[in-house]
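Protein sequences appear in the order of chains C and B. With the first letter of the first sequence counted as 1, position 317 gets the number 317 in UniProt numbering; the numbers rise by one all the way through. With the first letter of the second sequence counted as 1, position 142 gets the number 142 in UniProt numbering; the numbers rise by one all the way through. Structure record follows, encoded as structure tokens.
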Amino acid sequence: MSAVSNAGHPGTAVGLAANQWGQGDNPDPLIRHKHGLVGTSVSRIDGPLKVQGKATFAAEFVKEGLTYAALAFSTIAKGRIETLDTSAAEAAPGVVLVMTYKNAPRMKPMPLFMTAEKAAGGDNLPIMQDDRVHWNGQPIALVLAETQEQADFASSLVHATFKAEPSVTNFKEAKRRGTKTGEFGGGPLKLEIGDAEAALTQVPVSIDAQYSTPRHSHNAIEPHAATVAWDGDALLVHDASQAVVHTAWSLSSVFGIDESQVHVTSPYVGGGFGSKTLWQHQVLGAAASKLAGRPVRITLSREGVYRMVGGRSQTEQRVALGADKDGRLKAIIHTGVVAMSHQNALPEPFILATRGAYAADAFKLHVEVAQMDMLANTFMRAPGEAVGTFGLECALDELADKLGIDPVEIRILNEPDKHPTEGKPFSSRNIVEAWRTGAQRFGWAKRNAKPGSVRQGEWLIGMGCATGTYPYYRMPGGAARITLRKDGHARVEIAAHEMGMGTATAHSQVTADRLGLPLDQVTFGYGDSKMPGAVLAGGSQQSASIGAAIVAAQHALFAQLLILAGNASPLAGLRPEEVGGFNGGLVALADLARSESYASIMGRAGRDEIVVQEDAPPPMELQNWSMHSYGAMFCEARVNAVTGETRISRFLGSFDCGRILNAKTAASQFRGGIIMGLGLALMEETQFDERNGRIMNPSLAEYHVPAHMDVPEIDVIWNDIPDPHTPMGAHGIGEIGITGTAAAVANAVFNATGKRVRDLPLTLDKLM
Amino acid sequence: MPITVNGNEAELPHDPRVSLLDLLREDLHLFGAKKGCNQGACGACTVLVDGQRVLSCLTLAVQCEGRHVMTVEGLAGDNGLHPLQKAFIEHDGFQCGFCTPGQICSALGMAAEFDRGVPSVITEDFDDDGVALTPEEIRERMSGNLCRCGAHNGIVAAIAEVHAIQGDRTDSREAAA
Ligand code: FES
Ligand code: FES
């Protein structure tokens, strides 16, 4: 270990991190580096472009001879297209092509997400390959025209009749037909430890309640779009993507071409939240482009996004908790049913958080799936945890109320000392500290435990809290290339994504610290399938994946630099582990007097640049440890006693998420998650017509997301305790904010009014 | 009479269905104004027409004959940044940046409305002393601009800061006169 310590010079040179994670006692030396860029509030490096409107999004690539696409959709949930009259559309001004199942090129279905390493498809259906209809809103015709206006008009002239077949679009009916156990991450969503039902009958205090959450839509403000062009057999897609390499591989499979022939770029993404993967629009846009021999821009209308891109499925959850008189949990039951389509494989896994939340003797956790004929549901911010913590954390609040125990204290009381259902040690879990500092800052002690007892005029005021949690993941597939130039400029390239998380900024900071360079000497290239790695921006795992890949490449870089430095260098004889990046060069960690700049090393070796590329090691840390981000969420709600209107007046998130890489962009990530959680709590619902399987509110006017007036000042704090087993000591922060939030709101509303609402969203009719 | 966009004259489209938003984006390749919904629900397409904020997706291009359109690209010169653009960066008033041009144009139009004495639904007393452009007033007046990334706090802080500074300047000019 002494070789990688900073030898009495903290905050100067950063030695190499061991190129393995979670094994032994080898924390990333960057954790101890206190005076660098990591952790500081650097403004986004793409900020100037974005505020000037100069960041180029998918629908903004200019191409010679561009055509515009518009779609027509099915109006039945299941059956066949009986007649399809496209003659009027074809004759309309400006129309280049009308594509239907009759003339579309033959294509393979999209490889369904999670069924292969680089599969990215939201469904696995052969769209426009035959006359079959699989969901209400399925695209049945694509019109290409010289302008968007011409395409939109012509698509309205497509006339279809359908032969409907019996379909299941009613959740009750789907459940009646039988459910099956959901599968997630290669295993069943079912877990039993002890006899929880029996334990529940033997405890002095228990809660047994039903909770429900509706369907949700991501509603990124940028609608899904792609600008597509073929050059012979090579396909170029300017996409809005959180999975560029996955998308390229999947498209190559659809069109039967080599992976290397598909190039997907995605320099900027106008929000994703789980929705910006591969859906039918990229496939159909590419097919139409092939057929017409012209480049295509396909931008889904807002309605089109609702028809073609799935959202979060609905859940019905039973949560039963049994405790002794002191409030210690003996039994935890979390079971229920979710709706899922036939053409996808994500049963909303609402028990994930419950597996590791609290200590108890007996557990019974089970997610059952009822299949429906509908648009494929999919991943949406914190799939599982966002809605699962609503049930669990509301039930715990109900239990605390029944026991007369403070809701914060009951959570601390049931804190496990190891993972309660897996038995693994926690790598870094400091949620109790987050609770204590959060409660202090929020003024939790002022809460009146008696519901309905604080009133100001018409307004009833209450406080509530809940735990948020989301796992640390690092998926295999990370890789990075570093190009170091003689002038001391480093460019990192990795096929990762920037959807507003601050990825490019945070990892420029990390790279600058690791290599001992100023921030303006580092650039971070991303969003291009031709770059190394297959890195998904999902599961809050991108930062860990990038971090591990950069470390791997840095090992190769330092090794090469030392070879080039040779015997004439003050660094002669040193091994890569014995040097650190410092002041534009390498320095001996044990003797800061021994150093040489990158310019000098490369100059003597006659090199203008060094290029290294390495794969990240496999995620061994996940084998050895239970790893999660945590949040203690506090909410103050005001409910109007006359109208039932709920306003959130204060919110605090107190986070335990490892080391924070950029204080400014991290705060925005936390707030963004919480605000989406406020929407989940108070207003969001994708309304599904159970008679015919059609989404009834496919617009931002009818699906309500939080507007400025709904969002108070959101306070966020974090304890910044690094995890010794992860790159940079960091955990993911993209999804944690949406977890626990809805329960904190519902619990605050209960404290304000004495009314317990168990069905989201908490609209005013439920509080009248 | 043509239309003026960021000080440059441009031809009106032949197709009367073309919205101001599509004219800007597809004909003039000014991609700053964004199409988030194309139906007046999100505010991402907000631009200034003769200084007033409008939803360019709900405005036909031909309606703007002879009028002056300002988009986010025209707020500062080629290299510089408008103070509000700088404040958005400083306060992290965006994440993905897709709603941002609309938020910025809307904020400028909103501030001008406020300075003209136009009340909002929550304004209680707009007398000669004026009222402050409080965070609450900003939230109310900016609620037509959605942000799904949740950058609301930073947006409000940026607008409040710039308005307060410019208010100070106006006050000192008045005091000097
Ligand atoms: S695009 Fe104009 S309001 Fe949404
Ligand atoms: S910054 Fe992404 S929608 Fe506002």
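We put the beta carbon where it would ideally sit given N, CA and C, even for glycine.
query	result
Any residue with its C-beta under 6 angstroms from a non-hydrogen atom of ligand 1 counts. Can you list them all in chain order?	B:Lys35, B:Gly36, B:Cys37, B:Asn38, B:Gly40, B:Ala41, B:Cys42, B:Gly43, B:Ala44, B:Cys45, B:Leu55 and B:Cys57
Within 10 angstroms of the Cβ of Asp487 of chain C, are there 16 or more other Cβ atoms? Answer buried if so, exposed if not.	exposed
I'd like to know if Arg302 of chain C contacts chain B, where contact means its C-beta is closer than 7 angstroms to some C-beta of that chain.	yes
Could you check if Pro347 of chain C is buried or exposed, using at least 16 other CB atoms within 10 Å of its CB as the buried criterion?	buried
With 7 angstroms set as the bound, which would you pick, yes or no: does the beta-carbon of Val62 of chain C sit closer than that to a beta-carbon of chain B?	yes
Please report the straight-line C-alpha distance between Pro2 of chain B and Ser143 of chain B, rounded to a whole angstrom.	33 angstroms
Could you name the residues of the same chain whose beta carbon sits closer than 8 angstroms to that of Arg302 of chain C, not counting the 5 residues immediately before and after it, in chain order?	Pro223, Pro698, Ser699 and Leu700
CB-CB under 6 angstroms to residue 801 of chain C, same chain, minus the five flanking residues each way: which ones, in chain order?	The structure shown does not extend to residue 801 of chain C, since chain C spans only 1 to 768, so no value can be given for it.
Determine contact between the stretch 311–326 of chain C and the stretch 372–387 of chain C, defined as no fewer than three beta-carbon pairs at a distance below 8 angstroms.	yes
Could you tell me whether the stretch 611–622 of chain C touches the stretch 542–554 of chain C, where touching means 3 or more Cβ pairs closer than 8 angstroms?	yes
From the DSSP secondary-structure annotation, give me the bridge partner or partners of Asp528 of chain C.	C:Thr265
Spell out whether any CB of chain C is found under 7 angstroms from the CB atom of Ala112 of chain B.	no
With a threshold of 16 other CB atoms inside 10 Å of the CB of Asn145 of chain B, please say whether the residue is buried or exposed.	buried
Does DSSP classify Arg17 of chain B as helix, strand or coil?	coil
Mapping DSSP to helix, strand and coil, what is Tyr630 of chain C?	strand
Can you tell me the Cα-Cα spacing of Asp401 of chain C and Leu284 of chain C, whole angstroms?	54 angstroms
Pro93 of chain C: buried (16+ other C-beta within 10 angstroms of its C-beta) or exposed?	exposed
In this structure, does DSSP put Pro706 of chain C in helix, strand or coil?	coil
Tell me whether Ser56 of chain B is buried or exposed, calling it buried when 16 or more other Cβ atoms sit within 10 Å of its Cβ.	buried
Specify the secondary structure class of Ile494 of chain C as computed by DSSP and reduced to three states.	coil
My guess is that Ile410 of chain C and Gly327 of chain C are in contact by the Cβ rule of under 8 angstroms, so how many angstroms apart are they, rounded?	5 angstroms
At least one CB of chain B closer than 7 angstroms to the CB of Asn219 of chain C: is that the case?	yes
From the DSSP output, in three-state form, read off Arg436 of chain C for me.	helix
So is the beta-carbon of Cys64 of chain B under 6 angstroms away from any non-hydrogen atom of ligand 2?	no
Tell me which residues of the stretch 689–701 of chain C have at least one Cβ-Cβ distance to chain B shorter than 8 angstroms, keeping chain order.	Ser699, Leu700 and Ala701
What I want to know is whether the C-beta of Cys149 of chain B ends up closer than 6 angstroms to one or more non-hydrogen atoms of ligand 2.	yes
To the nearest angstrom, report how far apart Thr646 of chain C and Ala637 of chain C are at their CA atoms.	7 angstroms
Assign Ile207 of chain C to one of two classes, buried (16 or more other C-beta atoms within 10 Å of its C-beta) or exposed (fewer than that).	buried
Hey, Ser428 of chain C and Pro724 of chain C are a contact pair by Cβ (cut 8 angstroms); roughly how many whole angstroms apart?	7 angstroms
So, with DSSP's three-state summary, where would you put Cys96 of chain B?	coil
Please confirm whether any heavy atom of ligand 2 lies closer than 6 angstroms to the CB of Cys635 of chain C.	no
In this structure, how does DSSP classify Tyr306 of chain C when only helix, strand and coil are distinguished?	helix
Along chain B, which residues have their Cβ under 9 angstroms away from the Cβ of His708 of chain C?	Ile138, Arg139, Glu140, Arg141, Met142, Ser143, Gly144, Asn145, Leu146, Cys147, His152, Ile155 and Val156
Skipping 5 residues on each side, what residues in its chain have a beta carbon closer than 7 angstroms to that of Glu90 of chain C?	Val98
Contact defined as beta carbons within less than 8 angstroms: I believe Cys394 of chain C pairs with Ala174 of chain C. What is the distance between those atoms, to the nearest angstrom?	Contact flag wrong, Cβ pair sits at about 25 angstroms.
Which residue comes first and which comes last in the beta strand (DSSP E) that contains Lys163 of chain C?	His159 to Ala164
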